[in-house]
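Below is one structure, written out as structure tokens; the observations come after it.
4 protein chains.
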Amino acid sequence: MRPFCDGETTLVILGHKRFLMRLQAGQTQHTHHGLIRHDEIIGQVPGKHLATHLGYPVVVLRPSLHDIIMNIERVSQIVYPKETGYILLKLSVGPGSRIIEGGTGSGALTVAMAHSVRPNGRVYSYEQRDDMLRVASRNLANTALADWAELKQRDIAEGFDERDVDAVFLDVREPWLYLAQVWEALAEGGFFGAVVPTTNQVSDLIAGLEQGHFTDIEVCEILLRGYKPVPARLRPTDRMVGHTGYLVFARRLEKPVPASAEESAGETPDPEVEESHGQDT
Amino acid sequence: MRPFCDGETTLVILGHKRFLMRLQAGQTQHTHHGLIRHDEIIGQVPGKHLATHLGYPVVVLRPSLHDIIMNIERVSQIVYPKETGYILLKLSVGPGSRIIEGGTGSGALTVAMAHSVRPNGRVYSYEQRDDMLRVASRNLANTALADWAELKQRDIAEGFDERDVDAVFLDVREPWLYLAQVWEALAEGGFFGAVVPTTNQVSDLIAGLEQGHFTDIEVCEILLRGYKPVPARLRPTDRMVGHTGYLVFARRLEKPVPASAEESAGETPDPEVEESHGQDT
Amino acid sequence: MRPFCDGETTLVILGHKRFLMRLQAGQTQHTHHGLIRHDEIIGQVPGKHLATHLGYPVVVLRPSLHDIIMNIERVSQIVYPKETGYILLKLSVGPGSRIIEGGTGSGALTVAMAHSVRPNGRVYSYEQRDDMLRVASRNLANTALADWAELKQRDIAEGFDERDVDAVFLDVREPWLYLAQVWEALAEGGFFGAVVPTTNQVSDLIAGLEQGHFTDIEVCEILLRGYKPVPARLRPTDRMVGHTGYLVFARRLEKPVPASAEESAGETPDPEVEESHGQDT
Amino acid sequence: MRPFCDGETTLVILGHKRFLMRLQAGQTQHTHHGLIRHDEIIGQVPGKHLATHLGYPVVVLRPSLHDIIMNIERVSQIVYPKETGYILLKLSVGPGSRIIEGGTGSGALTVAMAHSVRPNGRVYSYEQRDDMLRVASRNLANTALADWAELKQRDIAEGFDERDVDAVFLDVREPWLYLAQVWEALAEGGFFGAVVPTTNQVSDLIAGLEQGHFTDIEVCEILLRGYKPVPARLRPTDRMVGHTGYLVFARRLEKPVPASAEESAGETPDPEVEESHGQDT
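Chains as they are written, first to last, in this note's numbering: chain F, 1 to 281; chain R, 282 to 562; chain U, 563 to 843; chain P, 844 to 1124.
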């Protein structure tokens, strides 16, 4: 394992506190248990028993992708790791994927996606607000992932520049307004995902997807429950995050051929209707 | 988007049913709504409006990594996508990662990890049972990911062959028995993760981690709640998965220097103790 | 503890099976582990070690209110105990309470309320459907609670007969249509509660309550997670109930005086608005 | 509905704030939106449109049993309403019940039980600590329920005074130590319940129950998820209570006859073992 170098972002563990710290030669970090001198960390490998100048034990590690997301600089609600990992699987994001993100925000999901599409994939992330783009840009630079994410200041109502992308993910207030643009940008059968905080938005979005030539619609939410890691007194934490957002997924579907479709529609049995009896009583 | 080819695994959506189907020229799939002829799919792009021979609408798609995991051939309990995505983030698995898995099982997590470490990373997966290795091997072959995962038939009590790996994940009955082997194989500060189904195992594992030179121990569980995607009658599904397993994570820590450590230990203030007051009342 | 008597409903525990059984002199119950003769139970106290004619151990107990609700004869979705207990507390149901229930259904909640209002309270339960009233009536008779519940076959759109009741609970499809009738029947400051299965109904109902002179609106859902009671392998059950319904509660509020209200309304600062900033970001 | 009287405890709703307030003639309550004069409330019926001296709207109501529990004076962790209602149903607490509580604490559950057993039942509540008994006593007096609850300062290791009680509920650190005492006090087939915060305690308790002549053991936890009651933006609250405690329930079972029991034990087939295959894989 290569040693820590100047400029690297580290995870510091001091008692029950965990925080990210960027190493800078000559610098000193003040904590409530004494000073941490960056020069004592630079050149060390991770996971060593170090100490503050007051003798309190400190451990310095490379942060996980999870640590990075949770500690990212933010000017907006971010997509949390409990959702991020699931989104990546549902959208099949992996090395080589080409992904559009609508609503960069602070760039937490952008970072996770850029990390996953390396070395030959790319994330195209659209955002209207200046302040958010600046923060997202910094977050990508700090994680050395800027080469795999392209930030674009644009109203997504005007459409996306890319075509045939593998997946589009929207984190905007009214995602149902942009489904035509999403459809245009997606490859045949491509993956759609979105996160919305309210049930009303879920209803509006799935209604839009049904009418907008998408199929395989799924809605879910993910709850993460932490436990206090005490062997003889194991129990969940007293408080937990009760809600971040609902996840909605779908797949792009071919538009029906207009002329003959009408004719056959009257004759085709619809298994959806047939099978749905008794499903929602 | 390239068209479907012979031998490819597809996701078929027929009414409320979703299933994986491997395309084979000349073959026919029987369903309760009529026949699907593979030759009508081969050469088509995903997401087209097709039909059974009885005229029922069918859509054929490329499965997501999520679909593949959920439909994988299995001879054991698998790690489910709701956990998989989170595990990948917590262990920072990405392109280039070198990962050890103890307990291949049916290979569901192996597949997800192999997918994520491409093109230059590698998964080393250990399993004792013949039958499981055969299934896992088939699952890797079917997903064209065999090049990134090395299956080893071995009792992990004997230790791992690799050194300096980025992460080790254990899915075995008594993970606390192998922490010394895990420690040897991990890079300094490396990531440890495990899944266990019972609270007793969680207690045993975190006790082992505390004594085995690990730090930053975290325990959690993840609940996925699905919703019926009906815009005017939005509601969670009546039944859900109540439990799959508890996730435990930690980081490898340097072993303390034996001689002088004892001396200083008596003098060093311990912020853990100090800060824990009132945390577990 | 008095012994079991002829005609009494008992809870039978046979291995992992639990079921309610009404004792009838001379009768025999067939089970997959042999016969249970009712005459061997009548006259015994609960909790004795009995056996089927094949020698399998059987325990016979008096059912709890929880057991009764879970095993009640039903022709409709019932209100489950996980919600029932909470509803009783939120509506302050207790000895002497006078309660209206709109939508008797199978009478599960009616039974729980009748049990709680004894000896001098009363439940007035309205239902339109014949078949449900018959089942609810049987359920009340079987639990010897018929004296505390009055079943009325009526469309609640026509209003309730009672005035100044302590609480009204609605379990109907569109509860927001009957809020004027509820308001008329409730005592000043009285308790309102309802259960609805979809988020759309929740939105409609709370909009109605806001306009219908109610205050202190609360919405929640209750999740019950069972565990397998094995000391050395403690873990939640694999599957659980994911959803039964959303609970909505409110309190009846005086109608504002129409004339002078308009005048003062313009001058009165509204703390709701002021305090709600940043609550729904 | 009878008007508020001097000395009565009320629920005050002022903007998003809700608090209990005891009416005292001549008194004034200071709030951040102005003064509330008690004399303007005494003699009024609940649910009227009142105002602070600055003109902010105030509503005054009779608190529900739920409100009372949530706002009770406390010197200890209390049993919360989400568990209380369920406990009452599982123990079949109702008018006339005779209940023992071990571990009075602040008396929140004592109050709920006393409320439910009126007019002819009784709660016998044991507590060792002076300070807790004083608080519990005040809480019972303030809710006018002291006539139905008898507080006893005693170590429950010495046993309970009562016999043939309908139910015993323990809220103590090591409930498994007192199961013999519980067994002695309970009626045949009587109800046992307990709340414990950790999984280790659950394991110890159910092991004790299995050996201590109890049956029908159940373990569960209850999660309450609140929603922001905004019709057009319905969503769960951002944070929720992640854990209060695990509930354990059981029923008292006759002690087996010692002599002949040994003999027959070897011959009796055990359906528990037979049926448990595949239950905990």
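No residue lacks a Cβ here, since even glycine has one placed at the ideal position from N, Cα and C.
Looking at R/Gly383, R/Val356, R/Trp464 and R/Glu491, the one whose alpha-carbon comes closest to that of R/Tyr407 is R/Gly383. U/Lys817 sits exposed, since fewer than 16 C-beta atoms from the chains shown fall within 10 Å of its C-beta. Counting only runs that start and end inside the stretch 157-196 of chain F, the beta strand (DSSP E) elements of at least 3 residues fall at 165-170 and 186-196. With a threshold of 16 other beta carbon atoms within 10 Å, U/Gln591 meets it and is buried. The distance from the Cβ of U/Gly751 to that of U/Arg814 is about 6 Å, consistent with a contact at the 8 Å cut-off. Counting along the chain, the unbroken beta strand (DSSP E) around R/Tyr527 starts and ends at Tyr527 to Arg533. From the beta-carbon of P/Asn963, no residue of chain F is found nearer than 8 Å; the closest lies around 39 Å away.
For P/His1056 and R/Ala466, the gap between their C-alpha atoms comes out near 49 Å.
Residue pairing for U/Val620: DSSP places it in a beta bridge opposite U/Leu612. DSSP places F/Thr199 within a helical segment (H, G or I) once states are collapsed to three. Our two residues, F/Gly94 and R/Ala332, have alpha carbons roughly 31 Å apart in a direct line. The three-state reading of DSSP puts R/Gln409 in coil, since its state is none of H, G, I, E or B. Look at the beta carbons and you see the stretch 921-935 of chain P touching the stretch 641-653 of chain U: at least three pairs across the two are nearer than 8 Å. When beta bridges are read from the DSSP output, P/Glu1061 appears opposite P/Phe1092.
Within chain U, the C-beta atoms nearer than 7 Å to that of R/Leu515 come from Thr760, Thr761 and Asn762, in chain order. If you look at R/Lys363, you'll find it in the alpha helix (DSSP H) that goes Pro362 to Lys371.
Rounded to the nearest angstrom, the Cβ distance from R/Phe441 to R/Ile381 is 5 Å, consistent with a contact under 8 Å. A direct Cα-to-Cα measurement between R/Lys509 and F/Val219 gives close to 7 Å.
Here P/His1056 is not bridged, per DSSP, to any residue.
DSSP places F/Ile100 inside the beta strand (DSSP E), whose first and last residues are Arg98 to Gly102.
Residues of chain P with a Cβ closer than 8 Å to the Cβ of U/Arg787 are, in chain order, Cys1063, Glu1064, Ile1065 and Leu1066.
U/Gln743 sits buried, since 16 or more C-beta atoms from the chains shown fall within 10 Å of its C-beta. From the listed residues R/His319, R/Val453 and R/His524, the smallest Cα separation to R/His334 is found for R/His319. Note that the C-beta distance between P/Arg941 and P/Asp1014 is not below 7 Å.
Nearest in C-alpha terms to R/Ile294, of all of R/Val341, R/His313 and R/Asn352, is R/Val341. As computed with DSSP, P/Phe862 is found in a beta bridge with P/Val855. Proximity of P/Ile879 to chain U, defined by a Cβ-Cβ separation below 7 Å, is not satisfied.
Cβ neighbours of R/His396 within its own chain (closer than 7 Å, five residues either side excluded): Leu346 and Leu426. One thing to note: F/Val202 has its Cβ within 7 Å of the Cβ of R/Leu515. F/Glu73 and F/Glu150 have their alpha carbons spaced roughly 18 Å apart. Per DSSP, reduced to three states, the secondary structure at F/Thr31 is strand. In the DSSP annotation of this structure, R/Val538 is not part of any beta strand (DSSP E), being labelled neither H nor E. Around the beta carbon of P/Pro1018, 16 or more other beta carbons lie within 10 angstroms, which makes this residue buried. For U/Val803, the uninterrupted beta strand (DSSP E) segment begins and ends at Arg801 to Val803. The beta carbon of R/Gly523 falls within 7 Å of a beta carbon belonging to chain U, placing the residue at that interface. When CB distances to chain F are screened at a threshold of 9 Å, the residues of the stretch 364-377 of chain R falling below it are Glu364, Thr365, Gly366, Tyr367, Ile368, Leu369, Leu370, Lys371, Leu372, Ser373, Val374, Gly375, Pro376 and Gly377, in chain order.
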